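Trainee: Taken in sequence, the protein lines are chains A and B. Okay, so the first sequence: first residue is 1 according to the numbering used here, each after it adds one. Okay, so the second sequence: first residue is 1001 according to the numbering used here, each after it adds one.
Number of protein chains: 2
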Amino acid sequence: MSEGSAAGVADIAAHKTRGPYRNGIKRRREIILAASKVFGQYGYAGGSLRQIALDVGVTPAALTRHFENKEGLLIAVLEHWDVENDRVMPADVRGLTRFMLLPYNAYQHTLDRGLIEMFLTIAAESSNPNHPLHQFVKRRYDRLMVRALGELHYAQEHGEILPMDDEQMMREVRAVYALMDGLQLQWLLNPDIDLLRILQDALGHFIQRWTGKPVVWADPRIIAKSVEAERAD
Amino acid sequence: MSEGSAAGVADIAAHKTRGPYRNGIKRRREIILAASKVFGQYGYAGGSLRQIALDVGVTPAALTRHFENKEGLLIAVLEHWDVENDRVMPADVRGLTRFMLLPYNAYQHTLDRGLIEMFLTIAAESSNPNHPLHQFVKRRYDRLMVRALGELHYAQEHGEILPMDDEQMMREVRAVYALMDGLQLQWLLNPDIDLLRILQDALGHFIQRWTGKPVVWADPRIIAKSVEAERAD
DNA sequence: GTCTATATCACGATAGAC
DNA sequence: GTCTATCGTGATATAGAC
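1. For the segment 1124 to 1212 of chain B, list the alpha helix (DSSP H) runs that are entirely contained and at least 4 residues long, ordered along the chain.
2. Leaving out the 5 sequence neighbours to the left and right, which residues in its chain are closer than 8 Å to A:D55 when beta-carbon positions are compared?
3. Residue range of the alpha helix (DSSP H) that B:T1064 falls in?
4. Find the nearest neighbour of B:V1088 within the set B:L1073, B:A1106, B:M1169, B:E1079, judged by alpha-carbon distance.
5. Is the CB-CB distance between B:I944 and B:L1183 below 8 Å?
6. Are the C-beta atoms of A:V215 and some chain B residue less than 8 Å apart?
7. Go to A:V216, then tell me how far its alpha helix (DSSP H) extends in each direction, as first and last residue.
8. Quick check on A:G95: buried or exposed, where buried means 16 or more other Cβ atoms within 10 Å of its Cβ?
9. Given a threshold of 16 other Cβ atoms within 10 Å of its Cβ, counted over all protein chains shown, does B:E1079 qualify as buried or as exposed?
10. Return the chain-ordered list of same chain residues with a C-beta closer than 7 Å to the C-beta of B:V1173, the five sequence neighbours on each side being excluded.
11. Using a Cβ-Cβ cutoff of 7 Å, what residues of the segment 1096 to 1129 of chain B are near chain A? List them in chain order.
12. CB-CB under 7 Å to B:Q1186, same chain, minus the five flanking residues each way: which ones, in chain order?
13. Would you check if the segment 1044 to 1051 of chain B and the segment 1060 to 1072 of chain B touch, i.e. whether three or more CB-CB distances between them fall below 8 Å?
14. Would a check of beta-carbon distances place A:A218 closer than 8 Å to chain B?
15. Report the rounded CA-to-CA distance for B:V1176 versus B:Q1200, giving the unit in angstroms.
16. Given this structure, state the Cα-to-Cα distance separating A:E117 from A:V137, to the nearest angstrom.
17. Output the distance between the C-alpha atoms of B:W1097 and B:F1206, rounded to the nearest integer angstrom.
18. Measure the CB-CB distance between B:A1076 and B:I1032 and report whether it falls below 8 Å.
19. Taking Cβ to Cβ, would you say A:R28 is nearer than 8 Å to A:H66?
20. In whole angstroms, what separates the C-alpha of B:M1169 from that of B:R1209?
21. Under a three-way DSSP split, which group does A:N69 fall into?
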């Protein structure tokens, strides 16, 4: 849940160019931000359109003008943050470097508590096949896995890591992302833990096995730079 | 979320011995099982007392005779499964052995999908400090961490692992449980993944680092035996 | 594009009969 | 111990005025 695809860009772009929505795009953004906060705090089932509308300063009816219904709003929210995340973890960061950035990426997320709450809550909530958003969330996570697997392949093809068979690669990728998600859950329950350090330690051992060489983590100032990038919205 | 304390035993025992509740204990159990299913499927906020009552075959009013309110019911559910889990992961399994059993323990959980759904959903949902169950769940996870840390200490004192400082131990423990929780989340979204194998692989590398020796996993028949134990309810 | 007003429904909880 | 009946609340969603 810590990284995402760029689905939904076209959708948002459409609203930017089509006439009738010219003035609505700003309000639409406000709604998405408020919805992120509310869904993060109370989950999807627990969060109400009323609360979101109250936050924005409009009535619930105004929300259903911009988004078909509650479900559509959540989907828009998820897609919005997928796009946002591309700014922190650009698509042109490939191979092993992408994995090396994961701890920073997770650390970034801790700067906005509501986001982690939302993604984890939604993921757990929608895990049941009967949940209206199950397919959407499942596909989203599948894409994330495929993408990560591709990057590990890339690393191998470019000689960044020792040879490894496909099945093994998949297991490594799943373990790494499990680590990320699980640790973010722990951070939610106890924000005092040193998420960056624990993640670097654990991921470092994974990567060390992959490369056969000790891991050297980048200068912490990289964090500051990335933070800056994310804050610039 | 994969292992728990034995809190609540006294509570349940009281209902067994005290007169007025003599006949209520069976119904109480039915309610707890139904509640596990419903909370697992819909989360705490999303699950309703009505649905639980419908499952049991009584009216919602009957539920509030057995449990003060919705919150009290969920707490009873969590405590019930903590006790159940002690049968699979007995308290007298100490040190490194306890960690070696974690993959089987997680695998056990996959036999009853509702349980993983419930624990993960509740954990994510209640992670917000404003949630009525936040303190309860936080304390529960804290106890789990302290217990696990204690077992790693035990392993060190008995020469099962190489020396490690306290801070490092805590990080190792947190990483291991993050792995467990995160992988169970992935399993919920895609039950086809080989949870046992991925967990043994990843945890194996942790333990290998701790001991300095390769890990040999126990005969898979151990799984069958444990399953049998859990099924016997 | 946003409002007010409202339809419709489900929720948790309680009172009191049996 | 369980029932019926009901209260008060808050939910999503829609209709129609402005």
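Cβ atoms here follow ideal geometry from the backbone N, Cα and C, with glycine treated the same way. Remember, predicted model here, so these are calculated numbers, not experimental data.
Mentor: Let me lay it out:
1. 1134 to 1157, 1166 to 1189, 1195 to 1211
2. Within the same chain, A:D55 has close Cβ partners A34, K37, V38.
3. 1060 to 1066
4. B:A1106
5. Missing from the structure shown is residue 944 of chain B; chain B here goes from 1001 to 1233 and no further.
6. no
7. It is not in any alpha helix (DSSP H) - A:V216 carries neither H nor E in the DSSP assignment.
8. Buried.
9. Counting Cβ neighbours within 10 Å, B:E1079 comes out buried, since at least 16 surround it.
10. M1145, A1148, L1149, L1152
11. E1117, L1120, T1121, A1123, A1124, E1125, S1127, N1128
12. I1193
13. yes
14. It does not: the Cβ of A:A218 has no partner Cβ on chain B nearer than 8 Å.
15. Taking the straight line from one Cα to the other gives about 11 Å.
16. 15 Å
17. In the sequence under discussion, the amino acid at residue 1097 of chain B is Thr, which differs from the Trp named in the question. Cα to Cα, B:T1097 sits roughly 14 Å from B:F1206.
18. For B:A1076 and B:I1032, yes; Cβs fall inside 8 Å.
19. yes
20. Roughly 12 Å separates the two Cα atoms.
21. Residue state, collapsed to three classes: coil.
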